[in-house]
Structure formats: C-alpha cells, structure tokens
C-alpha cells in the first residue's frame, strides 16, 4: 500500500507541475496582452493555441499509452511543456510566434491527461479509481491556483518572461527526477498493454460508445466555458470591478482551489447522493453557472465576489473529475487511455470556439453581453443533459 501511494503521489506531482506551467496562461493573459498590445479577441486565442496542441496530441498519446511504457511518455510530455514555455519567455515580440510556442507546449499538456489516467488504471481496479482520479484531476486546478498566487507575485517583481523561464526550468528538472523515481517500476506501467489493437479499430470501438459521445459533447461546452472564465476573470475584475491585479490573482486562485475540491467532491456526491449518476451531477453544474454569472455581475462586496467565484470554480472546474470518470467507465479497461485521449481531443474543440468568440463579443459590446453568451451556452448544455436523462429514463421504463 505504501508503494502504491508513493507511485500515485509521483503521478499527481507530475500533473500538478505540468498544470502549474501550462495553466499559467490564465494569470498571465493580462501581462501578455499588455506586452504584445493585444485586443480581447486576440487574447482569446492564447488558450486556444494551447488547446490546439492538446487537440493534436491527446488522441495519439492516448493510443500510445495503451501499448508504451507510460513513465517514459510522462518524461517526454513534461519536457515538451517546459520547452514550449521556455521558448515563449525568450521572444521580444511577435504574436503568431507566441501562439506557435504555446501550441508546442499544448502538445505536451494535452498528452498528460490520457497518460496519467492510464497510469492510474494500471495501479487500481476500475471500481476503485474514482478517488485517485479525482485527486489527480484536483492537482490540475491546484497547479493553476499556485500559478495565480506564486507566479503573479514573482512577475510583479521581475517581470512575466523571467518568471515563466524559471518555472519552465523547474518543470524540466522535476520531469527527470520523477522519471528516475518511476523507472524501477517499469513493469507496472507496461501491465495493461493493447499492442494488438490498431488505432482505427480502437476509434471504431470508442465512437460506438453512446455514453462516451455525450460525455465528450457536454465536456466540449463546459471546457470552453471553463477556459473562457479563467482567461477573462482577471481582466474582468481589473477593468469592471477595478481591483488590483494581485487581488484579482487571488480571486482566480480561489476559483481554482475550489475547482480542485470540486474535481474530487463531485464524484463522491454523485456516488453517495445521486446514486452514481454522473449525468445528474453535470446537470446541476450546468444549471448553476448562469445564476452564478448573474450574481458575479450584480455583487460589489469583495467578500461576496470571492464567494460567487468560489462556487463557479467548484462547479465549472469541478466537472472535469465527473467527466474523466465517465470517459474511463464507458469503455473496457484496456481502452481507458484511448478513451481519455478521444474525449479530451474532441472536447478541446470547445476551446477553439468559445474563448475567441467571447473576446469578439467583448470587443464589440460589453461584459454583460459576453456573459449572457456564456449563460446561453451553459443553458444549452443543461437542455442536452436533461434530454438525455429523460430519454434514458424512458428507455429504462420500456425495458
């Protein structure tokens, strides 16, 4: 048991450090926008570039995770993320070059999801994976919260480029250390290989899973909303609420910390109170967001604003844990890496669309209209989940 916990700790640490760098785009969006003189529409493409890389890499990495020693892939991906952001820190200008380096980092960031998911499946039976999966997902938002607090504080003193460079070097060094610690357990991370199955065959099996398809569709919308909220929250608090950047960074960190709790607790809530109905948990999340966004608009007291932001983070960032559980539960264990890669890949399409469109609306109108757009997307998401739950209940009655 002690050995198992130490291996899980290393996997969680790798995911946390990768998110610490990869999700630094959220707190640094204001710095990068000011440095490159970007419009809100252009800022929206910063997270999109990261997720373009994720879109390209996630499915192939998920397939590779089903037949390659996953601890080697872990080192490769952490190195790619660190290198991409290190290159970003070296440029003096050039918006499109910045997008290219962010996309390079996205290749590694996106591949981490299926690889770390597969590593957990290699360590636990599928019936006991909910808690370690939630903890692993929680590390992503904790890493992002750390970036909002620590990196902004450092950037205020030495600038955002040296800060990103230092963080990238930390990730590269820790990647090597974690690999060396995992290397003696190489056989463990080879145990569920599926080398005899081709990528096309796996895709056919994945696409035939109706639960996986709808989980991915809902995740597409919620992921787009999550990235948009995290990207523009800092700017909103600075421009509309007239907060200092460091206080706004703490608010973003608050969202991420409660999101980390949500990634763990939503799975437990669905197990204990919703009869393991992950879809009902997603419906509650989708219904809450429009109300919370309206509350964020009308509330002026700083403490209440923090409270509203915490609830948005708990729900909007917390959905990831439920989603990942749905993805791995909807396919056989040997396809868990591919299922994660498939779902994350196609869910990333939401990040290509929603943040830039939000930025475009914001440039043309105001935060009120842009926020209404987010509320409409969340409401559409709730309608789809509701229709699916109704159809599922109707089919069970017929059966």
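In this note's numbering, the protein residues as written are 251 to 649. Glycine included, C-beta positions come from ideal geometry on N, C-alpha and C.
Pairs of beta-carbons, one from the segment 258-270 and one from the segment 421-435, closer than 8 Å: are there three or more?
The segment 258-270 and the segment 421-435 touch, with no fewer than 3 CB-CB distances between them shorter than 8 Å.
Throw me the rounded Cβ distance for the residue 339 and residue 414 pair, which I believe falls under 8 Å.
That pair is a contact at about 4 Å.
Look up residue 262 in the DSSP assignment and say whether it is helix, strand or coil.
The three-state secondary structure of residue 262, taken from DSSP, is helix.
Specify whether the segment 273-292 and the segment 540-560 touch according to this definition: at least 3 beta carbon pairs, one from each stretch, less than 8 Å apart.
Result no; under three Cβ-Cβ pairs closer than 8 Å.
Whole alpha helix (DSSP H) runs in the segment 550-611 with 4 or more residues, listed along the chain?
For the segment 550-611, the continuous alpha helix (DSSP H) assignments of 4+ residues that do not extend past its boundaries occur at 552-562, 569-579, 586-597, in sequence order.
Where residue 256 and residue 322 are concerned, what is the direct C-alpha to C-alpha distance, given to the nearest angstrom?
Between the alpha carbons of residue 256 and residue 322 lies a gap of roughly 18 Å.
From 354, 532, 573, pick the residue whose C-alpha is nearest to that of residue 462; which is it?
With distances taken between Cα atoms, residue 462 lies closest to 573.
Rounded separation between residue 577 and residue 417 - CA only
Their Cα atoms are separated by approximately 31 Å.
Suppose the cutoff is 8 Å on Cβ atoms and the five residues either side in sequence are ignored; what does the same chain contact list for residue 547 look like?
If the five residues before and after residue 547 are omitted, its C-beta is found closer than 8 Å to the C-beta atoms of 617, 618, 621, all from its own chain and listed in chain order.
Skipping 5 residues on each side, what residues in its chain have a beta carbon closer than 6 Å to that of residue 538?
So the list reads 565, once near-sequence residues are dropped.
Own chain, CB closer than 7 Å to residue 298, minus 5 neighbours either side, in chain order
Short of 7 Å from the beta carbon of residue 298, and not among the five residues preceding or following it, lie these beta carbons of its own chain, in chain order: 601, 602, 605, 606.
State yes or no: is the C-beta of residue 482 within less than 8 Å of the C-beta of residue 286?
No, they are not a contact pair.
Just mark residue 444 as buried or exposed, buried being the case when its beta carbon has 16 or more other beta carbons within 10 Å.
Legend: pLDDT at residue 444 = 48, less than 50; position of this residue unreliable, value from coordinates given subsequently. Buried, since its Cβ has 16 or more Cβ neighbours within 10 Å.
Rounded to a whole number of angstroms, what is the C-alpha to C-alpha distance between residue 613 and residue 506?
Going from the Cα of residue 613 to the Cα of residue 506 covers about 26 Å.
Residue closest to residue 528, alpha-carbon to alpha-carbon, out of 570, 501, 544:
In terms of CA proximity to residue 528, 570 leads the group 570, 501, 544.
Mind checking residue 647: buried by the 16 CB within 10 Å criterion, or exposed?
Residue confidence is low: residue 647 scores 44 on pLDDT, short of 50, so the model does not pin down where it sits. Its coordinate-derived value is still stated next. It counts as exposed.
Relative to the C-alpha of residue 540, which residue among 581, 625, 590 is closest?
The shortest CA-to-CA distance from residue 540 to any of 581, 625, 590 is the one to 625.
Spatial neighbours of residue 632 within its chain, please: C-beta separation below 7 Å, excluding the five flanking residues on both sides.
Around residue 632, the same chain offers 533, 536, 537 as residues with beta carbons nearer than 7 Å, after the five sequence neighbours per side are excluded.
Residue range of the unbroken alpha helix (DSSP H) whose run includes residue 491:
Careful: residue 491 lies outside any alpha helix (DSSP H) and carries neither H nor E.
So what does DSSP say about residue 441, is it helix, strand or coil?
Bear in mind that the predicted position of residue 441 carries a pLDDT of just 48, short of 50, making it too unreliable to give a figure here.
Does residue 252 pass the burial test, meaning 16 or more other C-beta atoms within 10 Å, or should it be called exposed?
Per the 10 Å Cβ criterion, exposed.
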